[in-house]
Amino acid sequence: MQTSQKKTISDGSRRYGDQPMQYQESYCWPPIQNIDAGSQGTHLSAMTSDQYCTLESSSETSAYPVHNSPSTASFSPNESVVSQPNSQSYPSDLQDSSENACGSPTSESYVTHKLRELETAMLGPDSDNLDMYSMTAMPGPNQIVSEAEKWKFLVEMMSRGDLKEALCTCALAIANGDMFTVEWLMSELRQMVSVTGEPIQRLGAYMLEGLVARLASSGSSIYNALRCKEPAGADLLSYMLLLYEACPYFKFGYMSANGAIADAMKDEISVHIIDFQIAQGSQWVTLIQALAARPGGPPRIRITGIDDSTSAYARGGGLDIVGKRLLKLAESYKVPFEFHSAGVSASEIQIENLGIQPGEAVAVNFALSLHHLPDESVGTQNHRDRLLRLVKSLSPKVVTLVEQESNTNTVPFFARFVETLNYYLAIFESIDVTLPRENKERISVEQHCLAREVVNIVACEGAERVERHEPLGKWRSRFEMAGFTPYPLSSFVNSTIKILLEKYSEKYTLEERDGALFLGWMNRPLVASCAWR
0 MQTSQKKTIS DGSRRYGDQP MQYQESYCWP PIQNIDAGSQ GTHLSAMTSD
50 QYCTLESSSE TSAYPVHNSP STASFSPNES VVSQPNSQSY PSDLQDSSEN
100 ACGSPTSESY VTHKLRELET AMLGPDSDNL DMYSMTAMPG PNQIVSEAEK
150 WKFLVEMMSR GDLKEALCTC ALAIANGDMF TVEWLMSELR QMVSVTGEPI
200 QRLGAYMLEG LVARLASSGS SIYNALRCKE PAGADLLSYM LLLYEACPYF
250 KFGYMSANGA IADAMKDEIS VHIIDFQIAQ GSQWVTLIQA LAARPGGPPR
300 IRITGIDDST SAYARGGGLD IVGKRLLKLA ESYKVPFEFH SAGVSASEIQ
350 IENLGIQPGE AVAVNFALSL HHLPDESVGT QNHRDRLLRL VKSLSPKVVT
400 LVEQESNTNT VPFFARFVET LNYYLAIFES IDVTLPRENK ERISVEQHCL
450 AREVVNIVAC EGAERVERHE PLGKWRSRFE MAGFTPYPLS SFVNSTIKIL
500 LEKYSEKYTL EERDGALFLG WMNRPLVASC AWR
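Mapping the sequence shown onto numbering that gives the first Met the number 0, position 54 (from 1) lands on 53, and the numbers just tick up by one.
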């Protein structure tokens, strides 16, 4: 792509989430076959699924293909390919004129009203405002009375260079079935996104890929392609470790959970920790060291680990690798230690898989894992609540929960898109502080550790959508329904985490609220941690 074709990208002063949303449920815009957008010669035309378009950046570095499958495309630092949906057929209602299809003006859009109703139903009237319903000001269909005015508005919007606004407008057009507008916006968006650019450009590349996949009904294929085309296990593990070091999110979760467990087990002589996504076992290194220094000597520690496929691939083997590593560490600190692998996935866990023994104090750890379990909105089997009831039957001394503070589980597509955009943009911005933009490893970290989640949330539905985050208010309701009561977090943990954050950036925020800790970026909560008993 020529440099002259690149658009100026801006977060804009009219950011999504900053002003009241004035969208209507349907644009009610008439179809346009070909639109001349000025000197760039941009035009709208029907595309077929075997066409591919390129998301180019100004970078001149060599390409690093990530994935490539028949139904999808591949990302690379200077070339981000996005597959095209079959968009030659359009809903018949899009043939209506704006005069016949549009309703009368309303003070609040139907979409806004319905989304707020849903939020209230899910989380109660006092739920946190996650800024997913207040959108930037946009003209409603009553203000767009002709075909020409519609496209004038769209061209003016794109000329502002506000990538957030353009992405959200495209997502809303998809939600409304306005394929003509979607095609034109996607052709423009391909010139604005780049996996080597600003945080919004990099995230925009993956959000756009998710939108294309959603239209092509290939979200699952792309998600699986991202999994199947992963780098060698050792490389993926190195990217995971780089993300672990670059941002404090994982350390925050591990430190807060370990503090609660250590406090609950301070007088116990036999401790059994059940970790429902043990990954590489990194969380337990500092806890074993802390318990080894306990006055009166360390307790006997037994850890039961539940594996996940991504972690197993990265480590290049089963949980026996984790067990041997932790056993070696425990022996070096003279801590009696035993490791047990559950051998089944979290959704299939039964009490007999956990190897509970008489006389041991049980601690259960849910670190960034529960959101992967389907609930009642997915099917008849509510694994999320079933597992909590099973854990409660163990009479644990403490249960720790660490989860992304995001609301993507049951909200409708458009609200989920906006929430995902805002949430991951904060993460991409925080990565910029630690990893320079020209760092090629940063590109791999974002592609292999974050892009897959983004595509899954945007493109997939039903059982295929496995990234189903819920805000703490919803988790609190689930734990209370299962019979748990809050376990207060230690003030020592709070002060320790503050020291940790000083090593990163002053833009990270730590808030203690309602018995929980929230780690955020620029006052946007991103991860919540709490404990129960």
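Think of the CB as a built atom: it goes at the ideal place given N, C-alpha and C, for glycine as much as any other residue.
Query: Residue span of the alpha helix (DSSP H) that contains L509, given as start and end; Result: Where L509 is concerned, there is no enclosing alpha helix (DSSP H), although the beta strand (DSSP E) it sits in stretches over 507–512.
Query: N- and C-terminal bounds of the alpha helix (DSSP H) containing S331; Result: 319–331
Query: Under the three-state DSSP convention, the category V398 falls into; Result: strand
Query: C529 - DSSP class collapsed to helix/strand/coil; Result: strand
Query: N-terminal and C-terminal residue of the alpha helix (DSSP H) that G232 is part of; Result: 232–245
Query: F179 to A170 span [Cα, whole Å]; Result: 13 Å
Query: Start and end residues, beta strand (DSSP E) containing E418; Result: Per DSSP, E418 belongs to no beta strand (DSSP E); it is in the alpha helix (DSSP H), 412–433.
Query: Beta-bridge pairing of I173 - partner residues as DSSP gives them; Result: I173 pairs with nothing; no bridge assigned.
Query: Same chain, Cβ closer than 6 Å to P294, five either side skipped, listed in chain order; Result: none
Query: Of the listed residues L500, V454, G316, nearest to S216 (C-alpha basis); Result: V454
Query: C-alpha gap between S133 and S489, whole angstroms; Result: Because the pLDDT of S133 is 40, which lies under 50, any placement of that residue in the model is unreliable, and the number read from its coordinates should be weighed accordingly. Spanning the two alpha carbons is a distance of roughly 36 Å.
Query: Exposure label - V397; buried when at least 16 CB within 10 Å; Result: buried
Query: Where the alpha helix (DSSP H) containing A360 begins and where it ends; Result: Segment 360–366 is the beta strand (DSSP E) holding A360; no alpha helix (DSSP H) there.
Query: V361 and I305 closer than 8 Å at C-beta; Result: no
Query: Helix, strand or coil at D533 according to DSSP, with G and I counted as helix; Result: The shown model of the chain, from 0 to 532, leaves out residue 533, and the question about it has no answer.
Query: Where T303 falls, given that 16 or more other Cβ within 10 Å makes a residue buried; Result: buried
Query: Assigned secondary structure, N522 (DSSP; H/G/I helix, E/B strand, else coil); Result: coil
Query: Beta-carbon spacing of I300, V334 below 8 Å; Result: yes
Query: N-terminal and C-terminal residue of the alpha helix (DSSP H) that S310 is part of; Result: 308–314
Query: Of the listed residues N408, K323, A278, V284, nearest to A345 (C-alpha basis); Result: A278
Query: contact_flag[the stretch 399–415, the stretch 523–530] where n(CB pairs < 8 Å) is 3 or more; Result: yes
Query: DSSP-derived helix/strand/coil call for P335; Result: coil
Query: Reduced DSSP secondary structure (H/G/I, E/B, other) of S103; Result: Note that S103 scores a pLDDT of 31, beneath 50, so its modelled location is shaky and nothing firm can be said.
Query: Reduced DSSP secondary structure (H/G/I, E/B, other) of R301; Result: strand
Query: Own chain partners of R512 with C-beta closer than 6 Å, once the 5 adjacent residues on each side are dropped; Result: none
Query: In DSSP terms, what D274 is bridged to; Result: G304, N364
Query: Status (buried if at least 16 other CB within 10 Å, exposed otherwise) for T484; Result: exposed
Query: Closest by C-alpha distance to A462, when choosing among K265, L420, D374; Result: D374
Query: Simplified DSSP assignment, three categories, for Q380; Result: coil
Query: Length of the line joining the Cα atoms of L518 and Y248; Result: 7 Å
Query: Assigned exposure category for P198 - 16 Cβ within 10 Å defines buried; Result: buried
Query: Buried/exposed call for P411, threshold 16 Cβ in 10 Å; Result: exposed
Query: Under the three-state DSSP convention, the category S193 falls into; Result: coil
Query: Rounded Cβ spacing between E469 and E452 (contact assumed at less than 8 Å); Result: The Cβ separation is near 15 Å, so there is no contact.
Query: Proximity to G196 [Cα-Cα], best of L434, F478, F251; Result: L434
Query: Residues of its chain near S103, where Cβ-Cβ distance is below 6 Å and the 5 sequence neighbours each way are ignored; Result: For S103, the pLDDT reaches just 31, beneath the cut-off of 50, and the residue's location in the model is therefore unreliable, leaving the point undetermined.
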